[in-house]
Amino acid sequence: MSSKLEQLQAMLAPVIESLGYQCWGIEFISQGRHSLLRVYIDHASGILIEDCEAVSRQVSAVLDVEDPISSEYTLEVSSPGMDRPLFTIEQFAKHVGEQVKIKLRSPFDGRRNFQGLLRGVEEQDVVVLVDDHEFLLPIDLIDKANIIPRFD
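Under numbering that gives the first Met the number 0, the first residue of the sequence shown is numbered 0, with each subsequent residue one higher.
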């Protein structure tokens with residue numbers, strides 16, 4: 000995780016949790032002169048648009064005071080959704096047995112993209128079964144990971 004993401008996580012997670020929500024994860028996407036700060040929230044009873052609005056107001060207030068982002072940005076608050084992104088080893092462990100799509104920061108075993116069955120976690124590695132071959136992917140190499148929703 001980059002230092003900017005770590006700073007934002009440390010700043011925003013307590014605010015989100017004080018409102019009764021879980022900070023599922025944060026993405027900061029630099030898009031030239033304008034950036035996107037995406038905050039994912041979760042709750043045992045699910046997330047409604049009103050929940051996103053309430054969190055957005057509080058997060059905006061903190062960001063206005065602390066001013067951690069020097070460039071222009073858009074704040075987006077949403078639920079993780081059915082194709083939820085996975086950020087932590089604990090989140091991967093919680094979704095063992097599901098199909099996942101993983102993109103790495105740099106090649107591992109000659110490839111950057113993996114799509115398959117999440118078999119488990121071992122310390123700081125994610126175990127994925129792709130075409131009958133098991134890969135142990137270091138979590139530090141994972142750039143983006145999502146659950147592939149099943150519709151059956």
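Idealized CB from N, CA, C, for every residue including glycine. Quantities reported herein were computed from a predicted structural model and do not represent experimental measurements.
Do residue i and residue j have their CB atoms nearer than 7 Å?
i	j	result
Asp124	Pro137	yes
Val58	Leu4	no
Pro13	Tyr39	no
Val61	Ile15	no
Leu36	Leu85	no
Asn129	Arg118	Reading off the sequence, residue 129 comes out as Val, not Asn. No, they are not a contact pair.
Asn145	Lys100	yes
Identify every residue that forms a DSSP beta bridge with residue i.
i	result
Val76	Val38
Lys3	Answer is none; Lys3 lacks a bridge partner.
Ile141	Leu103
Provide the residue span of the beta strand (DSSP E) that contains residue i, from first to last.
i	result
Ser29	21 to 30
Have a look at residue i and residue j and give me their C-alpha separation to the nearest angstrom.
i	j	result
Leu140	Gly24	17 Å
Gln114	Ile147	9 Å
Ala9	Glu65	12 Å
Arg111	Gln98	17 Å
Output the boundary residues of the alpha helix (DSSP H) element that contains residue i.
i	result
Ile147	Ile147 -> no alpha helix (DSSP H), and no H or E assigned at all.
Asp50	48 to 65
Note down, one range per segment and in chain order, each beta strand (DSSP E) of at least 3 residues found wholly within the segment 82 to 139.
Counting only runs that start and end inside the segment 82 to 139, the beta strand (DSSP E) elements of at least 3 residues fall at 98 to 107, 110 to 121, 124 to 129, 132 to 137.
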